[in-house]
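J.:
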Amino acid sequence: MRRLLVALAASALLAAGCASDLPPTGASAPPDSGTSAAPAETSAPASAGTGEQSEFFVQADYDAQLAMRTQTAEGPADKPWEQAIAPQMVDTAKYKKDGPYHLCFSNAAVNNPWRQVGWTTMQEEVALHKEIKEFTALDAEGKDDKQISDIAELQAKGCDALIISPNTTATLTPAVSGACPAVPVIVFDRGVETDCPVTFIKPIGGYAFGADGAEFLIEKVPAGGKVLALRILPGVDVLENRWAAAKVAFDKSQLEVVGVEFTDGDAAKTKSIVSDYIARHGKIDGVWMDAGATAVAAIEAFEDAGAPVPAFVGEDQQDFLQKWKDGNLTAVAPTYPTYQWRTPIIAALKILKGEEVPKQWNLPQPKITQESLGTYLQPDMPLLHYALCGCESMPGFPGKWGGK
Amino acid sequence: MIALVANPTRAVYAALIATLAIGWALVAFDGGAFTLNDIVGIQQRSAALGIVAVGQTLAILAGSLDLSVAYLISLVSLVAAETMAGQSSNILTAVVVALGVSALVGLVNGVVITKLKVHAFIATLGVALVIRGVLDHLYDGPAGRVPVDFQQLGYARIGPIPVAAILWAAVAVAVWFLLRRTRLGNRIYAVGGDVEVARLSGVRTDRVVIAAHVLCSLCAGVAGLLLASRLGAGAPTVGTDGGYDLESIAAVVLGGTALAGGRGGVAGTVGGVLLLAVLDSIFNQLEVNSFFKDVVRGVVIVVAVAVYARRTGRRAS
Amino acid sequence: MKRAIPIFLVLAGLLVAIAVANPYFLEPAGFLGFLKRVAPLAILAAGQYFVIVSGEFDLSVGSLVTVEVVVAARLIDGDEAMTWPVLALLIVIGLLVGLVNGLVTTKLRVPSFITTLGAMLILSGAVFLWTGGAPRGALSQGFRVFGREGVWAVLILLVAVTAAVLLMRADFGRTLIAAGDNERAARLSGVRVDRVRVFAFMLSGLSAAVAGILLGGFAGVSAQVGQSLEFQAITAVVLGGVVLGGGRGHVVAAIAGAFTLEALFTLLNLHGISGALEYAVQGVIIIAAVAAGGLRLPALRLSPSKV
Amino acid sequence: MEDTPQKSPAPEQVILRMTSIGKSFLGVRVLRGIDLSATAGEVHAVVGENGAGKSTLMKILAGVHQPDEGTVEIGGETRSFAHPVEAQRAGVAIIYQEFNLLPERTVADNVFLGREPTRRGLLDRAAMDAATSRLLDELDEHSFGPRDMVKDLSVAQQQVVEIVKALSVDARIVVMDEPTAALAEHEVELLYRLIRRLQGRGIAVLYISHRLREVFDLADRVTVLKDGAHVATVRTSDVTTAALVKMMVGRELDAYFPPRADEAVIGEPLLTLRDAGNGKLDGIDLDLRAGEIVGIAGLQGSGRSSLAKAIFGAEPFTRGEITPTRPANVREGVAAGIGLVTEDRKAEGLVLNQSVRDNALLVTRAIGRGGRSHRSTAAVAALLEKVRLRPPRQETEVKYLSGGNQQKVVLAKWLTLAPKVLLFDEPTRGVDVGAKAAIHDLMRELADTGTAILMISSELPELIGMSDRIVVLRDGRVAGHLPAGATEEAVMALAAGAAGAAA
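Chains as they are written, first to last, in numbering that gives the first Met the number 0: chain L, 0 to 403; chain U, 0 to 316; chain E, 0 to 306; chain C, 0 to 502.
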């Protein structure tokens, strides 16, 4: 099949007598054989109210991620961004060259606080390394098409390594495949459906995130308690995975999921939805969220309704942590650490120095609990700061991140 | 200089050349240089917006406008990619189906505006919402797969010229030809200039407006196909992420076409799109952040239209 | 006012349907919650009404709402003492943006669609340029009170509605609608057409400032707080039977349009038609409402007619 | 009148025959039992006062309106037109006062709009240009070509474009609605030549005009309408101007006008112009005195409306001495107590979608004069009573009123100003007879209470009947002064210049 496509592509090229920026590999395989894994279990107890299992659910990935939570990461203990869980190292000798280096970065967007914190962190990481003489970054502004052009443009800039944070998994795959032969490619955050990048850096993943929160609620909320699940929007793989894992956990539990709602990540909408549920059900015993950006708005809905704030799942965003501490809440914060923005720079330098790197670089993905809250909450950081930036010891801290 | 400003089309090209020159200098000062790759980038970057804007020109010339193009682009990319399902043999069917869907949306826009007498702003905004609802309901994320053959549309080049740019040029020339050399084109200007005059001259004005909308939607459909070929799949947010609705209107107006209709043309629109693309490219070279870009873009659009308004104002008084 | 009757019937129907589906709605707290939720959009609709009835558009209000909230958060930065000065500043910003929109539209004769489209890009770009991409700082509790406590929101809504009605009955309002109806006749009667239009834009800017204060108060700082509010506001106004192109429609009907839109969302949510199809339903209803209104526009007047 | 000798043209030559045409709008009968016929090569004038029904009749012929009664035969066939285009296809071309042209398009584009020739499916611009050129040549028009933009043409040239458009559809009937209204004197001559050429091609020309001189110059026959009814159709050679005027007016001139001002009532000048001028006017000397109605006569384009607009401040004077105030813009004019009742009520006088009340208070509100009491329902009721609006409903939208009532609302608007000077541009155009008298009475009452009034009118009987003094303009200058009760001939002689004082 693939050969046929390649042949077709080749003949098309010949026929047109023209050049193409299209990668000749054609349809490429996903990085892991996840798609061929057994179909997800879709049966759920009707009472759970969690609906059908997501079509994004892949059992093998789920199992792998949940297992990774308990595995010990290799690497320096005080630098989680340099740690890797169960690394399969690959040789990078063929990329070895002398510095100084020109690194390039195609960024999907800087359109939300998480990316903002990450982007700042990455720039500071670059500043730490004298051997990087030039760092060229293009912002795709959340547009797939622009990112495809950006990647093509960066390839012509004589980059020694190309870091890509893809805007969308499926649609950026051809562009990434196209860049691989020309330059060592490092992909992080969202993945692509090809294994051509030298390394793919990510925290453990969405299943672990979702499960961390759900397990917390199952532990804290008495049996029969009502749980409200708030999701940002459907269709984003990372977010789908978070919910899928939570769903699996809830389905096995004695909790009643009274609703699964989409908030568009809009604080006002979140607050309205939660208010409606409080009004309708009188009492909500737990709130699960697939991202913490609107957690505070959801908490406020309880405050404004004069209801006690139930067990909450948030994220490592400063405003939530602050609220948690001030309100002495029962809460947990799974994280999708922004320190992963440091790793690609480190990885790029390793590659260019010929040091081996993990093929899939699984970063540890801690969750913030009541016990560790004190260590992560830094009072003088802005409300939309993400605590797991791993940036506290960087020279620009805290000013560059807007802190005081 | 006065002569340049006297004609919006000439003005926008003058601005384009000036921007290129200034951009070149700035980039050189910054230690970079415009390469062949950047030129290719500009063409690639502008092709999709260019095609949409050429279509939007038709709607605006006819005294209307179309806010539904962005969602239509997403819809078309999905319809095409799903119909192709990775098979080269399905390409033709997919293109036909995709363009059929586009034409249908254009027809609905046109009919709602002319027969139900709903203001174009509301009509196309309403249709946009309907498409959005359908998209959200049916699709969770990228879907379908575009075969490699079809991806050539988005990636192949003939020498330094990307096929996408050739497609854009072809669409622009076709629409230019339509406006200059066909009855429909003539009547689009007439209807946009003065509906009553056109009606009294025997022009079936409703049909002209509907035709303009169908063509506008077809252009959006072509852009959707192009984007699907670039992405290798259909994506429910590709149209809105690109901001093709308001940006295409901005490009048209930047090109000197009057928002009220009846005056302007494709040449100006092409200039407007290229101007935006060159600005983009320069900003990319200088790694200016996207917020600053928005500010500059907003200023450029308002200033350009203010300059054109001064021109027509002087003539009127 | 006669043409406004349908919107009130539709609104009444929707409210009854909501009450049937959710009796809590009839309790004071439930209804207060609804009012609190409607308030920002209703105020924006009132502001947008002034602009539309004068024959123009204001697409910049969504961005402006975001700007207001982001500016407030950065300047207040959790400091209660800053609350009042910043509130005053927000009002000034709203009025100033309206002033610029109005002057560019009337004096430079740029169609308001383009002026405010440009303003939309400039505002959102500029504010994030200033804050480095994401909102910074924090709102004070004093600031949050207006949006969080239903009583305040409802009070502000009442004041806004009353002010809007009084303005439309005053000389300003009557000359504004006259300018939207027939600019030339208004000019030849001594109406300062440009000035009343500029005021209309300033009122729209002011409404965005107030809506921003309410929305920021309601749910806190967010970068997308104002997203697509401009289209919602225009939709609400048009639902109220106000004609794009100017000169016709009542401000109370425009505000009722906002209530209707919000009631529609609430009802769709109650019936589980959230997210996806909500938009489709909204789209169909807007077109149907305008078409059923039998509005006949002589021409698409997107640009100010020349005199 | 009906028994005026009338020789029917030979039937085979008759191109148009309208029989017993009747039409009502909203229950008001505007036309009844109208007969009209035209033969090939004939110039047939249609005359009548404003509101006589000329325009409605022509719109029926053009397919804009459909008749309630009667038939339209063209070339012997009974036709009914649902749409203007059908009338056009049947060979009826209408040249409206306001041209139906697209300023942003070329002459050829305009001529062939809606019927563009094609070759192999493509627009044949060469053919369009050639055909347009040919027609322009035939009309002996060489001052512009097919490729020129219409916006760059003069009014007279645009009229030629309209005529070329009519010729290009092989029109058999060409209707011209007040074609000389916007033309300068020398351009009128050219128009005459054009019309003769149309005649020569066997086209029937229906010529609608107020100007009896033109009627006698051009027309073979003339049909007189009055109050929506057919009065007579006569050969121009069989009738005198006086007889025609009598048929049109149907009454003694003075019968309907309020008595003129007493010398005693006329007071001090409230406005004095000395050597005033701007782009369109030059060397104007004029006094407007309290209690006096000054009539301004002149052909269209002589600067009558410009004079009113200049005094008002809408198109201000740029030179000369104007006392006591020289408004630089409308607001200054209004603030100085000057009001202007514009010629085009709908476009310039009223905000049609607003209520009677809103319109009546528009000026008050615009200048923010007076307190709340001025805006009270009672105050507006008193105002409407003063202008005799019937019925005096305040909340009715103005667009639903008759022309006469609309004009009364315009008047009410200015009365709130208690104007020192009130300028009337065609105050009774499109107003029915009853309302006309009421408006005339109101004007006189205003004058009697000390307002200085300037009145522009194309209707000489009205001008003569109302004015205490007449100033005649020609080409933007004062051509002469006439006392009250001057004859129409005297006015026309001055207006058209001695040489042109025919008829």
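We put the CB at the ideal spot given by N, CA and C, even for glycine. Predicted model only: the values in this text are computed from it and were never measured.
Looking only at its own chain, which residues have a Cβ that is under 8 Å from the Cβ of V99 of chain E, when we skip the five neighbours before and after it?
T.: Excluding positions up to five away in sequence, the list reads A118.
J.: Any C-beta of chain U sitting closer than 8 Å to the C-beta of G282 of chain E?
T.: Closer than 8 Å: yes.
J.: Would you tell me roughly how many angstroms separate the C-alpha atoms of V184 of chain L and L153 of chain L, rounded to the nearest one?
T.: Near 12 Å, if we compare the C-alpha coordinates of L153 of chain L and V184 of chain L.
J.: Report yes or no: do three or more beta-carbon pairs, one from the region 275-286 of chain C and one from the region 317-332 of chain C, lie closer than 8 Å?
T.: Counting Cβ pairs under 8 Å, three or more are found: they touch.
J.: Report yes or no: do the region 41-50 of chain U and the region 206-224 of chain U share at least 3 C-beta pairs separated by less than 8 Å?
T.: Cβ pair count under 8 Å is three or more, so yes.
J.: With distances taken from CA atoms, which of E:L269, E:A262, E:G256 and E:A232 is nearest G258 of chain L?
T.: If we check each option's Cα against that of G258 of chain L, E:L269 comes out closest.
J.: Enumerate, from N- to C-terminal direction, the unbroken alpha helix (DSSP H) stretches of 4 or more residues contained entirely within the region 23-73 of chain C.
T.: Segments of the alpha helix (DSSP H) lying fully in the region 23-73 of chain C: 53-60.
J.: Give me the chain U residues within the contact set of A136 of chain L, using Cβ-Cβ distance strictly less than 8 Å, ordered along the chain.
T.: Within chain U, the residues near A136 of chain L are E286.
J.: Going by Cα to Cα distance, which pick from L:E260, L:A296 and L:A330 is closest to E214 of chain L?
T.: Nearest C-alpha to E214 of chain L: L:A330.
J.: Who are the neighbours of T18 of chain U on chain C, taking C-beta pairs under 8 Å?
T.: What T18 of chain U touches in chain C: nothing, since even the nearest Cβ is about 28 Å away.
J.: Tell me which residues of the region 177-211 of chain U have at least one Cβ-Cβ distance to chain C shorter than 8 Å, keeping chain order.
T.: Cβ contacts with chain C: R179, R180, T181, R182, G184, N185, R186, Y188, A189, G192, D193, E195, V196, A197, R198, L199, S200, G201 and V202.
J.: Does the distance from the C-beta atom of A160 of chain L to that of V175 of chain L stay below 8 Å?
T.: Going by C-beta atoms, A160 of chain L is not nearer than 8 Å to V175 of chain L.
J.: List, in chain order, every chain E residue whose beta-carbon is nearer than 7 Å to that of S274 of chain L.
T.: G32, listed in chain order.
J.: Per DSSP, which one or two residues make a beta bridge with E320 of chain C?
T.: The partner list for E320 of chain C (beta bridge, DSSP) reads C:R273.
J.: Is there contact here, the region 61-69 of chain C with the region 255-262 of chain C, by at least three beta-carbon pairs under 8 Å?
T.: No: fewer than three Cβ pairs fall under 8 Å.
J.: Examine chain U for any beta-carbon lying closer than 8 Å to the beta-carbon of P233 of chain L, and answer yes or no.
T.: Taking Cβ atoms only, chain U reaches closer than 8 Å to P233 of chain L, which makes this a yes.
J.: What's the gap between the Cα of T104 of chain E and the Cα of R186 of chain E?
T.: Distance between the alpha carbons of T104 of chain E and R186 of chain E: 17 Å.
J.: Taking the alpha-carbon of V168 of chain C as reference, which of C:T415, C:S79 and C:A86 has the nearest alpha-carbon?
T.: Checking every option, the nearest Cα to that of V168 of chain C belongs to C:A86.
J.: Could you tell me the distance, in whole angstroms, from the CA atom of F199 of chain L to the CA atom of W360 of chain L?
T.: Rounded to the nearest angstrom, the two C-alpha atoms are 6 Å apart.
J.: On the CB-based measure, 16 or more other CB atoms within 10 Å of its CB, does N240 of chain L come out buried or exposed?
T.: Burial call: buried.
J.: Examine the Cβ distances between the region 313-330 of chain L and the region 375-393 of chain L and report whether three or more of them are shorter than 8 Å.
T.: Yes, they touch.
J.: Any C-beta of chain U sitting closer than 8 Å to the C-beta of E67 of chain E?
T.: No, because no Cβ of chain U sits closer than 8 Å to the Cβ of E67 of chain E.
J.: On the criterion of 16 or more Cβ atoms from any shown chain inside 10 Å, does R273 of chain C qualify as buried, or is it exposed?
T.: When all chains shown are included, R273 of chain C counts as exposed.
J.: Of all Cβ atoms in chain L, is any one closer than 8 Å to the Cβ of A18 of chain E?
T.: Cβ-Cβ to chain L under 8 Å: no for A18 of chain E.
J.: Leaving out five residues before and five after A20 of chain E in sequence, what residues of the same chain have Cβ atoms less than 8 Å from its Cβ?
T.: Here the set comprises L266, L269 and H270.
J.: Please check the pair G261 of chain U and E103 of chain C, which I expect to be a contact at CB under 8 Å, by giving their CB distance rounded to whole angstroms.
T.: So it is a contact: roughly 6 Å between Cβ atoms.
J.: Using a C-beta cutoff of 8 Å, does V23 of chain E count as contacting chain L?
T.: The sequence given here places Tyr at residue 23 of chain E; Val does not occur at that position. Closer than 8 Å to some Cβ of chain L, the Cβ of Y23 of chain E qualifies, so yes.
J.: Which residues in chain E sit within 9 Å of A97 of chain U, going by Cβ to Cβ distance?
T.: By Cβ distance, chain E contributes nothing, its closest Cβ being about 20 Å from A97 of chain U, past 9 Å.
J.: Report back the beta-carbon spacing between R344 of chain C and Q393 of chain C to the nearest angstrom; my notes put them in contact at under 8 Å.
T.: Contact flag wrong, Cβ pair sits at about 19 Å.
J.: Quick check: is the beta carbon of D193 of chain E nearer than 8 Å to any beta carbon in chain C?
T.: With 8 Å as the cut-off, D193 of chain E does not count as an interface residue toward chain C.
J.: Determine, using beta carbons only, whether G21 of chain C and E97 of chain C come nearer to each other than 8 Å.
T.: No.
J.: Would you give the residue range spanned by the beta strand (DSSP E) that I277 of chain L belongs to?
T.: Here I277 of chain L belongs to no beta strand (DSSP E); instead the alpha helix (DSSP H) covers A266 to H280.
J.: Of all the options C:L190, C:T117 and C:M175, which has the alpha carbon lying nearest to the alpha carbon of D139 of chain C?
T.: The option with the nearest alpha carbon to D139 of chain C is C:L190.
J.: Which one or two residues does DSSP pair with Y206 of chain C in a beta bridge?
T.: Answer by DSSP bridge pairing, in chain order: C:A44 and C:M175.
J.: What is the rounded straight-line gap between the Cα of R229 of chain U and the Cα of L120 of chain E?
T.: Cα to Cα, R229 of chain U sits roughly 27 Å from L120 of chain E.
J.: Residues of chain U with a CB under 8 Å from the CB of G141 of chain L: which are they?
T.: Chain U residues near G141 of chain L: D240.
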